[in-house]
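Peer 1: Protein chains in written order, with my numbering: chain A, 2 to 388; chain B, 565 to 854.
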């Protein structure tokens, strides 16, 4: 009898032990949804450009929300798409958010890898610059598939000691003056840069949008890129490749991003950048994976990174421009004059001169019909040029 | 105990239980994935949604083998050509080294040489590639030494020549070891017999040593050739504007619109090339030297 009693006691103790957390769970379940939003799942997994959740501002987020960030850095847009499509697509039930650039975002939307985002849950969204509230690269038919985060122009980077006089426009990377000392990104979206250049220099081609090219327009662009190839030292794959090539003098001039300029200037390399208008540019979006395992933490993150203070911090760390203009004063506090330096104080007309990356699709926007070349065709054309 | 007795009575069962895991791994994981690769090469992808279309077509192969737009033939030719050049270079470098180690060097020197050959394999492949990038780039060790010697700069950075040098370096140990093993196995009496019959140094080398060491060279060439054929990191980091390998194009096509069928079709090229290569190597007796 004594033994049986002991067993009874043990069972009872176990039951109590099991019941206590059960009570707690049922309580959180019955509370209002607003209260639940405040309490995340304790974890957040991001596919991101390196440093996109830099500790300088992410540490505070982890402390506030209890969402511990797990990072998966991706060096290229293609890596991001491949990661999102792994494990059956939709982030594979592993990833919550991806910081997709405009050349990847439509591919993720049409591939069904991301889900719509309720912008009303992100209060800072209504303060965003108009160009980034519902841009074509993350909003389809009025449905938002993410929250814009930062953007930047594609810049012309040059070595001030070697390139004299300083370049004034994109024509410099198509001319033979610095043959063998030029570089451009190894990315099919580079076709759009050439198309934008042809829009100005060869109006007879009738290019209306550098991301919506017909077969003949694409062929003409490919021809220009084939002529450019012998002038190049290399196509750069990762931002660090370009930085190395500029540092050791293999390359004197090339297309890049403000990030490279900042890194090189930080290392005391004699480089400067110009932003010849019109230019192409990129804009990044935090997109919610279809099978996101931690959606609450994901929304908390989207709320956090769109606030003016964090927008300013990220802009300074990465060398890019916020989408929330209220970040301007915070940027100037962090680094004097940075708001103007990163063009956050420009008028609306400025944004019409920057053609933001978007994935080419068969349906042309500027004419009826679907005889525009899709991204598959762009990729093949790019292999034709570079391979 | 009972299980032991059960197995003792049926010995074949014990063997089957021991062999099942590796056989399953080989049959299902390896051959299965090869079969999936081959099958998916005949499918296509919906350009709009990026979803697979399970519809049999030869379109992927038509694009790859197209003569009017030889982009992919050019890339395949470059990949195979550089793999062959690297293999020949490594064979030429490894033969005297292997001979010295196997037949000339005293035991201690041999041990030192072994360590010297194997030591680079202890560091990451990427580290060695980046090291070569630094050596070959402008203002790097190579140009600096050439400048000191009063010679003009080499301008090797980001060219196919640079890839050839780097590949030959990273895969050299895989050639030296089988060549060394083959040379070591040649009985000394054969060489003595050749000398007794009046065969001079070169004749002995040509008629005795080279034919007997050839399986070792072929075995090594399987490694160097296949490793170069499948690489895509070196072209990415060392290559220039016309340096894409099959591996690079496969990698790009998987990221873009998840065009896995096209990537699979491209990936069948190295599989086919290696298949032919292995059949030839078997004829030459390479598998006895492995």
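Glycine included, every Cβ here is placed at the ideal spot set by N, Cα and C.
In this structure, does DSSP put residue 37 of chain A in helix, strand or coil?
Peer 2: Residue confidence for residue 37 of chain A is low, a pLDDT of 42 falling below 50, so the modelled location carries little weight and cannot support an answer.
Peer 1: Who does residue 160 of chain A pair with in a DSSP beta bridge?
Peer 2: A:272
Peer 1: Tell me which residue opens and which closes the beta strand (DSSP E) that residue 154 of chain A is part of.
Peer 2: 148–154
Peer 1: So, is the C-beta of residue 250 of chain A closer than 8 Å to a C-beta in chain E?
Peer 2: You won't find chain E in this structure, because its protein chains are A and B.
Peer 1: Sort A:152, A:316, A:135 and A:139 by Cα distance to residue 115 of chain A and report the nearest one.
Peer 2: A:139
Peer 1: Select from the stretch 765–794 of chain B all residues with a C-beta closer than 8 Å to any C-beta belonging to chain A, and list them in chain order.
Peer 2: none
Peer 1: Could you tell me whether the Cβ atoms of residue 96 of chain A and residue 122 of chain A are closer together than 8 Å?
Peer 2: no
Peer 1: Can you tell me which residues form a DSSP beta bridge with residue 283 of chain A?
Peer 2: A:153
Peer 1: For the pair the stretch 271–289 of chain A and the stretch 195–215 of chain A, tell me if three or more CB-CB distances fall below 8 Å.
Peer 2: yes
Peer 1: At which residue ranges does the stretch 49–106 of chain A contain complete alpha helix (DSSP H) runs of 4 or more residues, listed in the order of the chain?
Peer 2: Counting whole runs of 4 or more residues, the stretch 49–106 of chain A contains the alpha helix (DSSP H) stretches 56–66 and 78–86.
Peer 1: Can you check which of these residues, B:616, B:572, B:747 and B:642, is closest to residue 806 of chain B by C-alpha distance?
Peer 2: Of the candidates B:616, B:572, B:747 and B:642, the one whose C-alpha sits nearest the C-alpha of residue 806 of chain B is B:642.
Peer 1: Got a sec: is the Cβ-Cβ distance from residue 709 of chain B to anything in chain A below 8 Å?
Peer 2: no
Peer 1: Could you tell me which residues DSSP pairs with residue 372 of chain A in its beta bridges?
Peer 2: DSSP lists no partner for residue 372 of chain A.
Peer 1: From the DSSP secondary-structure annotation, give me the bridge partner or partners of residue 186 of chain A.
Peer 2: A:237
Peer 1: If we call anything under 8 Å between Cβ atoms a contact, is residue 169 of chain A one with residue 243 of chain A?
Peer 2: A distance of 8 Å or more separates the beta carbons of residue 169 of chain A and residue 243 of chain A.
Peer 1: Report the rounded CA-to-CA distance for residue 192 of chain A versus residue 91 of chain A, giving the unit in angstroms.
Peer 2: If you take the alpha carbons of residue 192 of chain A and residue 91 of chain A, they lie about 28 Å apart.
Peer 1: Where residue 578 of chain B and residue 793 of chain B are concerned, what is the direct C-alpha to C-alpha distance, given to the nearest angstrom?
Peer 2: 40 Å
Peer 1: Can you tell me the Cβ-Cβ gap for residue 295 of chain A and residue 57 of chain A, rounded? I've got them flagged as a contact below 8 Å.
Peer 2: Not a contact, Cβ separation roughly 22 Å.
Peer 1: Are the C-beta of residue 721 of chain B and some C-beta of chain A separated by less than 8 Å?
Peer 2: Interface residue, yes.
Peer 1: What first and last residue would you give for the alpha helix (DSSP H) that runs through residue 122 of chain A?
Peer 2: That residue, residue 122 of chain A, is in no alpha helix (DSSP H); it is neither H nor E in DSSP.
Peer 1: Which residues, in chain order, does the stretch 74–90 of chain A contribute to contact with chain B at a C-beta distance below 9 Å?
Peer 2: Near chain B, meaning a CB-to-CB distance below 9 Å, the residues of the stretch 74–90 of chain A are 77, 78, 79, 80, 81, 82, 83, 86 and 90.
Peer 1: How many angstroms separate the CA atom of residue 225 of chain A from the CA atom of residue 205 of chain A?
Peer 2: Their backbone Cα atoms lie some 15 Å apart in a straight line.
Peer 1: Among residues of its own chain, excluding the 5 on either side of residue 653 of chain B, which ones have a beta-carbon nearer than 8 Å to its beta-carbon?
Peer 2: 728 and 732
Peer 1: Are three or more beta carbon pairs between the stretch 194–202 of chain A and the stretch 567–577 of chain B nearer than 8 Å?
Peer 2: no
Peer 1: Can the beta-carbon of residue 285 of chain A be found closer than 8 Å to that of residue 190 of chain A?
Peer 2: no
Peer 1: Does the structure place the stretch 689–702 of chain B close enough to the stretch 244–251 of chain A that three or more beta carbon pairs sit under 8 Å?
Peer 2: yes
Peer 1: Tell me which residues share the same chain as residue 379 of chain A and place their Cβ nearer than 7 Å to its Cβ, disregarding the 5 neighbours each side in the sequence.
Peer 2: Once the five neighbours on either side are set aside, the close Cβ partners of residue 379 of chain A are 189, 192 and 361.
Peer 1: Would you report the Cα separation of residue 572 of chain B and residue 580 of chain B, rounded to the nearest angstrom?
Peer 2: 13 Å
Peer 1: Using DSSP with H/G/I as helix, E/B as strand and the rest coil, what is residue 289 of chain A?
Peer 2: The answer is strand: DSSP assigns residue 289 of chain A an E or B state.
Peer 1: Could you tell me the alpha carbon to alpha carbon distance between residue 846 of chain B and residue 290 of chain A, rounded to whole angstroms?
Peer 2: Taking the straight line from one Cα to the other gives about 50 Å.
Peer 1: Is it true that the CB of residue 780 of chain B sits closer than 8 Å to the CB of residue 742 of chain B?
Peer 2: yes
Peer 1: Determine the closest residue to residue 180 of chain A out of A:229, A:152 and A:216, with distance taken between C-alpha atoms.
Peer 2: A:229
Peer 1: Do residue 376 of chain A and residue 288 of chain A have their beta-carbon atoms positioned less than 8 Å apart in this structure?
Peer 2: no
Peer 1: Look up residue 802 of chain B in the DSSP assignment and say whether it is helix, strand or coil.
Peer 2: coil
Peer 1: For residue 47 of chain A, which of helix, strand or coil comes out of DSSP?
Peer 2: strand
Peer 1: Find the nearest neighbour of residue 619 of chain B within the set B:627, B:630 and B:605, judged by alpha-carbon distance.
Peer 2: B:605
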